[in-house]
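Order-wise, the sequence lines are chains A and B. First residue of the first sequence: 0, per numbering that gives the first Met the number 0; consecutive thereafter. First residue of the second sequence: 0, per numbering that gives the first Met the number 0; consecutive thereafter.
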Amino acid sequence: MSILAVSNLTKKFGGLTAVNGVDITVQKESITAVIGPNGAGKTTFFNLVTGVYQPDNGNVQLGSTSLVGLKPHEISRHGIARTFQNIRLFSNITVLENVMVGLHNHLKGGIFGTLLQTPSVRREEKRAKEEAYEWLEYVGLGSLLNEEAKNLPYGAQRRLEIARALATKPKLLLLDEPAAGMNPRETRELTEFIHRMREELNLTIVLIEHDMKLVMEISEQIFVLDHGVKIAEGKPEEIRNNVNVIEAYLGKSAVTGA
Amino acid sequence: MEKLKSFLSGNKIAQGVLIGVYVLITSLALYLSQKSVVAFLLLLFSLLLLYYTQLSNRLKWLLAGVVLVGVLPWAASSGPSYQSYMEVATLVGIYVAMALGLNIVVGLAGLLDLGFVAFFAIGAYTYGIFATGQASNFMPFGEYPLSGESFWLFILVGCFAAALCGVLLGIPVLRVKGDYLAIVTLGFGEIIRIVYNNLDKPINFTNGAMGISSVTPPELFGMQFTYPSQFYYIVLGILVVVMFAVRNFEYSRIGRSWKAVRENEIAAQSMGIHLVKTKLLAFAIGASFSGMMGVVFAAKQAFVDPTSFTLLESITILVMVILGGMGSVPGVILGAAVVTILNLQVLTEVTNWLNQMSMEGAISFPEALSPSKMQRFIFGAILILFAIYRPQGLIPAKNPVFNEEELKAHAAKQTGKKSSVPEDRAMQA
């Protein structure tokens with residue numbers, strides 16, 4: 000069963016067509032990778048799905064609802080969460096609060112309830128702290144709860160981004176280069192962690208990644224973009240041997256064997 | 000000295016006693032002396048000392064309340080300059096509330112607002128127009144000026160009028176960011192002032208540059224409020240409400256969404272935060288504090304005119320926030336107090352003293368450097384020194400500290416009953 004269906008998605012920036020007529024279908028509770036050389040339009044694709052950009056053409060369908068024209072916060076409410084290629088944490092607030100921001104839509108405290116600190120708002124706030132802490136423990140950052148986010152080491156910042164995204168309770172999680180800057184051991188841990196998230200949280204995961212070892216090991220379906228166009232899709236072994244993909248990454252000579 | 004320090008740092012009772020003795024000495028000094036700005040300032044300083052003690056929060060609030068409600072007015076009441084002390088204290092209160100409002104906009108939500116005094120003006124004119132005959136120029140019904148009892152209602156009216164203007168300003172303005180936002184808000188501040196300056200024709204709403212005079216003083220059970228010593232208590236009352244509101248908002252879902260927007264708009268949005276709504280709320284709440292104090296200001300001065308709401312006022316409030324520490328509530332309170340007292344008392348005292356010295360011939364100033372012209376210069380120099388040596392402000396903003404043990408214990412209990420996390424998700428689906 001498909002959860003995300005993207006059809007004929009197109010986005011132009013001036014004369015440059017960053018994403019050009021892309022069709023992608025993501026199966027429910029699968030792990031899907033989007034790969035491609037630098038500048039292929041992968042991050043733009045994520046930004047189109049999450050509403051940061053509006054597409055010029057095409058449709059993005061989550062389950063039975065179309066996401067075209069919705070604002071990022073509305074899309075978040077529909078159950079898509081993401082992490083960012085260049086980490087975008089709330090640097091000057093604590094780690095725990097970062098995750099609590101992720102709970103935003105699951106809390107109700109309005110202006111007057113907050114102003115008067117009604118018992119229900121207090122209870123909710125206490126619950127929020129507990130739940131945020133559980134998510135921190137889930138990604139293994141429990142003991143760092145009171146640190147400012149900017150003080151965390153790089154790998155921990157990536158995990159915090161994931162915890163924050165999970166706190167929004169998404170159906171679909173988009174990871175933009177989660178392994179960037181990680182050493183092989185951290186990458187291995189990340190691989191396990193992605194599997195675990197999918198199993199335990201019934202998540203569908205789409206990731207952009209340059210680490211081919213990770214991609215081939217983890218994904219069930221791979222889409223390849225080049226110059227904004229989808230040039231291949233299939234299982235890891237199909238992609239590995241696909242002529243178009245090899246050409247896109249290594250140039251024509253690599254294929255003709257010159 | 001070291002010994003004394005370590006003795007004090009562990010001993011709450013000693014700290015309490017010390018504070019008590021300090022307050023007693025300074026208040027007696029103020030009470031017995033005819034006019035002593037130093038004693039007055041030292042007494043106010045006790046509140047800062049109190050902040051740094053390790054007493055429980057409840058006790059701190061209680062002691063601060065006792066000092067502000069009882070000791071300060073009593074100690075100041077003996078001399079002939081009672082009203083001038085209370086005037087200063089009242090103005091400090093007014094500025095503290097405004098700085099706390101601006102702190103929400105600038106410090107928490109990260110929206111640089113250079114026209115904040117506009118909301119103060121809106122509050123002041125709201126009361127000014129209806130508490131004088133001015134309103135009868137355009138209101139077909141009702142009798143104006145309204146009685147002094149309406150003042151209490153107008154605190155709320157001013158609050159809502161300012162909040163509404165905050166939202167109306169916000170809707171077009173929030174399309175721009177950063178420096179552009181600052182310029183647009185600056186424009187808004189000036190527009191409001193100029194509108195009030197010119198709204199005497201075709202219908203006379205504001206009496207133009209002449210200003211609105213003899214604003215009806217507030218009245219409660221037949222008692223009229225005319226002296227600063229009386230307004231002091233009104234300001235104190237509103238300030239309690241404002242501080243209560245600020246504290247409740249700062250560490251709530253709403254406060255977190257402000258901080259998230261300040262830190263990173265795109266990430267905040269993808270966490271489900273409605274950008275426009277969040278920013279408008281910050282504008283509205285910040286403005287409402289200013290609006291309330293505007294009403295009090297109009298009643299206290301009994302006179303409103305556009306010159307009280309210049310760009311310099313907006314800048315001064317911003318300076319309070321930055322000097323105190325952006326996003327830090329105790330810092331902003333201190334910043335507002337320091338800047339107000341510097342402007343009203345310390346710098347005037349210093350220039351008076353310098354003037355006297357030069358008159359006696361002890362030192363001589365060239366005409367261009369006469370002390371009365373130097374006030375702004377000294378103020379600027381102080382700000383520069385702070386910018387260099389204390390860039391995060393007097394009391395930098397602090398993040399809350401969560402109790403790890405408690406959360407850990409709770410999380411352990413949860414996993415005991417099978418991992419709660421997937422369950423939650425099942426409920427969502």
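Each residue gets a CB set at the ideal place from its N, CA and C atoms; glycine is no exception. The structure presented is a predicted model; accordingly, all values stated were derived computationally and were not measured.
- prompt: So what does DSSP say about residue 6 of chain A, is it helix, strand or coil?
  reply: As a position in the first sequence, residue 6 of chain A is number 7, starting the count at 1. Three-state DSSP puts residue 6 of chain A in a strand.
field: Residue span of the beta strand (DSSP E) that contains residue 229 of chain A, given as start and end
entry: To locate residue 229 of chain A, count along the first sequence from 1; it is residue 230. Residue 229 of chain A -> beta strand (DSSP E) spans 228–233.
message: With H, G and I counted as helix, E and B as strand and the rest as coil, what does DSSP make of residue 222 of chain B?
response: The residue given as residue 222 of chain B occupies position 223 in the second sequence. In the structure shown, residue 222 of chain B adopts extended strand secondary structure according to DSSP, grouped into three states.
- prompt: How is residue 413 of chain B classed by DSSP in three states: helix, strand or coil?
  reply: Numbered from its first residue, the second sequence carries residue 413 of chain B at position 414. DSSP places residue 413 of chain B in helix when its eight states are reduced to three.
query: Under the DSSP definition of a beta bridge, which residues are partnered with residue 65 of chain A?
result: Translated into positions along the first sequence, residue 65 of chain A becomes position 66. Residue pairing from DSSP places residue 65 of chain A in a beta bridge opposite A:60.
field: chain A within 9 Å of residue 434 of chain B, Cβ atoms only
entry: No statement about residue 434 of chain B is possible, as the shown extent of chain B runs from 0 to 428 and does not include it.
- prompt: What are the uninterrupted segments assigned as alpha helix (DSSP H) that are 4 or more residues long and contained completely in the stretch 136–201 of chain B, given in chain order?
  reply: Considered as a whole, the stretch 136–201 of chain B harbours 149–172, 177–197 as its complete alpha helix (DSSP H) runs of no fewer than 4 residues, in chain order.
message: residue 251 of chain B and residue 272 of chain B - do their beta-carbons sit closer together than 9 Å?
response: Working through the second sequence from its first residue, we reach residue 272 of chain B at position 273. Working through the second sequence from its first residue, we reach residue 251 of chain B at position 252. Cβ atoms of residue 272 of chain B and residue 251 of chain B: not closer than 9 Å.
- request: Note down, in chain order, every chain A residue with its Cβ under 8 Å from the Cβ of residue 251 of chain B.
  value: As a working note, residue 251 of chain B is residue 252 in the second sequence. Here the neighbours are 108, 113, 120, 124.
query: Thinking just about the alpha-carbon of each residue, which of B:13, B:109, B:40, B:70 is nearest to the one in residue 285 of chain B?
result: Residue mapping note: residue 285 of chain B aligns to position 286 of the second sequence, counting from 1. Nearest option by C-alpha distance: B:109.
- request: Out of A:225, A:205, A:212, A:7, state which residue places its alpha-carbon closest to the alpha-carbon of residue 239 of chain A.
  value: Residue mapping note: residue 239 of chain A aligns to position 240 of the first sequence, counting from 1. Out of A:225, A:205, A:212, A:7, A:212 has the C-alpha closest to the C-alpha of residue 239 of chain A.
field: Under 8 Å from the C-beta of residue 128 of chain A: neighbouring residues of chain B
entry: Translated into positions along the first sequence, residue 128 of chain A becomes position 129. Those within 8 Å of residue 128 of chain A in chain B are 401, 406.
Proximity test, Cβ basis, 9 Å: residue 13 of chain A and chain B: Residue 13 of chain A sits at position 14 when you count from the first residue of the first sequence. Not closer than 9 Å to any Cβ of chain B, the Cβ of residue 13 of chain A fails to qualify, so no.
field: Boundaries of the beta strand (DSSP E) in which residue 17 of chain A is found, first to last residue
entry: In the first sequence, the residue the question calls residue 17 of chain A occupies position 18. That run of the beta strand (DSSP E) goes 15–26.
message: To be precise: take each residue of the stretch 29–58 of chain A, compare its Cβ to all Cβ atoms of chain B, and keep it if any distance is under 7 Å. Which residues remain?
response: Listed in sequence order: 49, 51.
field: Cβ neighbour criterion (16 or more within 10 Å) applied to residue 98 of chain A
entry: Position 99 of the first sequence, counted from the first residue, corresponds to residue 98 of chain A. By the 16-neighbour rule on beta-carbons within 10 angstroms, residue 98 of chain A is buried.
query: Near residue 418 of chain B, which residues of its chain fall below 6 Å by C-beta distance, leaving aside the five closest residues on each side in sequence?
result: By one-based count along the second sequence, residue 418 of chain B stands at place 419. Residue placement at residue 418 of chain B cannot be trusted, given a pLDDT of 46 that sits under 50; what the coordinates show is reported in the next sentence. So no residue of the chain qualifies.
task: Indicate the three-state DSSP secondary structure (helix, strand or coil) for residue 397 of chain B in the structure shown.
output: Indexing the second sequence from 1 puts residue 397 of chain B at position 398. Looking at residue 397 of chain B - three-state DSSP - the assignment turns out to be coil, as it is neither helix nor strand.
query: First and last residue of the beta strand (DSSP E) that includes residue 32 of chain A?
result: The residue you call residue 32 of chain A lines up with position 33 of the first sequence. That run of the beta strand (DSSP E) goes 30–34.
message: Given the structure, does residue 45 of chain B come close to the ligand ATP, in the sense that its CB is under 8 Å from one of the ligand's heavy atoms?
response: Absent from the structure shown: the ligand ATP. Ligands present: none.
message: Between which residues of its own chain and residue 277 of chain B is the CB-CB distance below 6 Å, once the five residues before and five after are set aside?
response: As a working note, residue 277 of chain B is residue 278 in the second sequence. Counting only residues of its own chain and dropping the five nearest sequence neighbours on each side, residue 277 of chain B has a CB closer than 6 Å to the CB of 256, 260.
- prompt: Looking only at C-alpha atoms, which of B:98, B:155, B:319 sits nearest to residue 381 of chain B?
  reply: One-based indexing of the second sequence puts residue 381 of chain B at position 382. Checked all of B:98, B:155, B:319; the closest Cα to residue 381 of chain B is B:319.
query: Curious, which full-length alpha helix (DSSP H) runs of at least 4 residues does the stretch 16–61 of chain B contain?
result: You should have 36–51.
field: For residue 220 of chain A, the three-state DSSP class (helix, strand or coil)
entry: One-based indexing of the first sequence puts residue 220 of chain A at position 221. Correct three-state label for residue 220 of chain A: strand.
query: Mapping DSSP to helix, strand and coil, what is residue 11 of chain B?
result: Counted from its first residue, the second sequence places residue 11 of chain B at position 12. Here residue 11 of chain B sits in helix by DSSP.
- prompt: Just curious, the beta strand (DSSP E) that residue 203 of chain A is in, first and last residue?
  reply: If you number the first sequence from 1, residue 203 of chain A lands on position 204. Note, residue 203 of chain A: beta strand (DSSP E), 203–207.
field: Neighbour list for residue 248 of chain B in chain A, Cβ cutoff strictly below 8 Å
entry: The sequence position of residue 248 of chain B within the second sequence is 249, counting from 1. Those within 8 Å of residue 248 of chain B in chain A are 113, 114.
- prompt: Which of the three DSSP states, helix, strand or coil, is assigned to residue 362 of chain B?
  reply: By one-based count along the second sequence, residue 362 of chain B stands at place 363. It is coil, neither helix nor strand.
- prompt: Can the beta-carbon of residue 226 of chain A be found less than 9 Å from the beta-carbon of residue 176 of chain A?
  reply: Here the question's residue 226 of chain A lines up with position 227 in the first sequence. Here the question's residue 176 of chain A lines up with position 177 in the first sequence. Cβ atoms of residue 226 of chain A and residue 176 of chain A: not closer than 9 Å.
query: For residue 427 of chain B, is the classification buried or exposed, using 16 other Cβ atoms within 10 angstroms of its Cβ as the cut-off for buried?
result: Translated into the one-based positions of the second sequence, residue 427 of chain B becomes position 428. Confidence at residue 427 of chain B is low in this model, with a pLDDT of 38, below 50, so its placement is unreliable and the value that follows should be read with caution. Answer is exposed; the Cβ neighbour count stays below 16.
Residue 134 of chain B: first and last residue of the uninterrupted beta strand (DSSP E) it sits in: Residue 134 of chain B sits at position 135 when you count from the first residue of the second sequence. No beta strand (DSSP E) contains residue 134 of chain B, which DSSP labels as neither H nor E.
message: I'd like the list of long-range same chain contacts for residue 248 of chain A, defined as Cβ closer than 8 Å, with 5 residues on each side in sequence excluded.
response: Looking up residue 248 of chain A in the first sequence gives position 249. Closer than 8 Å at Cβ, skipping near neighbours: 36.
- prompt: Going by other Cβ atoms of all chains shown within 10 Å of its Cβ, with 16 needed for buried, is residue 130 of chain A buried or exposed?
  reply: Looking up residue 130 of chain A in the first sequence gives position 131. It counts as buried.
- prompt: Just how far apart, CA to CA, sit residue 355 of chain B and residue 37 of chain B?
  reply: Along the second sequence, read from residue 1 onward, the residue named residue 355 of chain B stands at position 356. Along the second sequence, read from residue 1 onward, the residue named residue 37 of chain B stands at position 38. Across the structure, residue 355 of chain B and residue 37 of chain B are spaced so that their CA atoms are roughly 18 Å apart.
query: Taking Cβ positions, are residue 51 of chain A and residue 79 of chain A nearer each other than 9 Å?
result: The residue you call residue 51 of chain A lines up with position 52 of the first sequence. The residue you call residue 79 of chain A lines up with position 80 of the first sequence. 9 Å or more divides the Cβ of residue 51 of chain A from the Cβ of residue 79 of chain A.
Option in B:168, B:242, B:294 with minimal Cα separation from residue 125 of chain B: Within the second sequence, residue 125 of chain B is the residue found at index 126, counting from 1. When only C-alpha atoms are compared, the closest one is B:294.
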